[in-house]
Structure formats: C-alpha cells, structure tokens
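**Student:** Please read through the structure below; I'll follow up with questions.
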Amino acid sequence: TVEDVEAEIKLFGRWSCDDVQVSDMSLQDYIAVKEKNAKYLPHSAGRYAAKRFRKAQCPIVERLTNSLMMHGRNNGKKLMAVRIVKHTFEIIHLLTGENPLQ
C-alpha cells in the first residue's frame with residue numbers, strides 16, 4: 001500500500017536515518033539527520049544559504065556532497081559528488097557492517 005511505501009525514507013534506498021544518534025548536545029541543532037530532513041538522494045537543490053543559519057537545516061549528507069564540489073575542476077558537478085558519496089557509504093558499510101550515516 002501507499003502507507004508502507006511512505007513509511008520510511010532511506011538514503012540511496014539502503015540506509016535509514018532513524019537510528020542515527022548525535023551524541024554531542026551542542027551539535028544536535030546543526031547536524032540535520034532527523035526524519036524531517038530524510039532524503040532519498042542528497043540532491044535537493046534547496047536554497048539553504050538564502051538566510052542566516054538556514055544551512056543548519058540542510059541534510060548533513062547533502063552538505064558533505066556540496067563540499068565535494070569545491071575547486072574549479074569539480075565546480076557544479078553534483079552528480080559526480082553524489083556518486084562518490086554513494087560509493088564511499090558502500091565501502092564504509094562493507095568494512096564496518098554498520099550504518100554509514102552514524
């Protein structure tokens with residue numbers, strides 16, 4: 001049914017962000033991993049820099065993806081950065097057996 005499909009949003013269709021815990025109390029407001037920030041892909045084209053402190057609402061995986069697009073030769077290549085993050089999460093999952101979002 002539709003409710004089962006919408007029940008859980010998993011990053012790249014594999015990793016859930018429900019069990020991710022932020023241990024440092026001072027960082028909980030600035031690391032966006034809650035259910036309301038859950039995305040299937042770290043590519044939302046959101047305007048998180050339009051207002052002061054709004055970038056804290058950007059999902060943390062998308063911020064990682066955006067930071068990979070630095071320097072001239074990587075500028076604007078978000079699909080390449082998404083692919084790199086996906087492969088990196090696969091490697092982390094294979095080596096540790098845990099959720100790479102944690």
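Position 90 (the sequence shown) corresponds to 90 in the UniProt record's numbering; numbering is contiguous. Cβ coordinates follow ideal geometry from the N, Cα and C atoms, glycine included.
#1: Within the same chain, show all residues whose beta-carbon is closer than 6 angstroms to that of V20, passing over the 5 residues directly before and after it, in chain order.
#2: Assess, as a yes-or-no matter, whether the stretch 36-46 is touched by the stretch 71-84 under the definition of 3 or more beta carbon pairs within less than 8 angstroms.
#3: Of the residues C58, S16, M69, which one's Cα is nearest the Cα of R47?
#4: Which residues in the same chain as I60 place their Cβ atom closer than 7 angstroms to its Cβ, once the five residues preceding and following it in sequence are excluded?
#5: Just reading off the alpha helix (DSSP H) that N66 is part of, what are its end residues?
#6: Measure the alpha-carbon distance for K10 versus D18 and round it to whole angstroms.
#7: What is the DSSP secondary structure of K10, reduced to helix, strand or coil?
**Tutor:** Walking through what the data contain:
#1: V33, L101, Q102
#2: yes
#3: C58
#4: I31, A32, V33
#5: 60-67
#6: 9 angstroms
#7: strand
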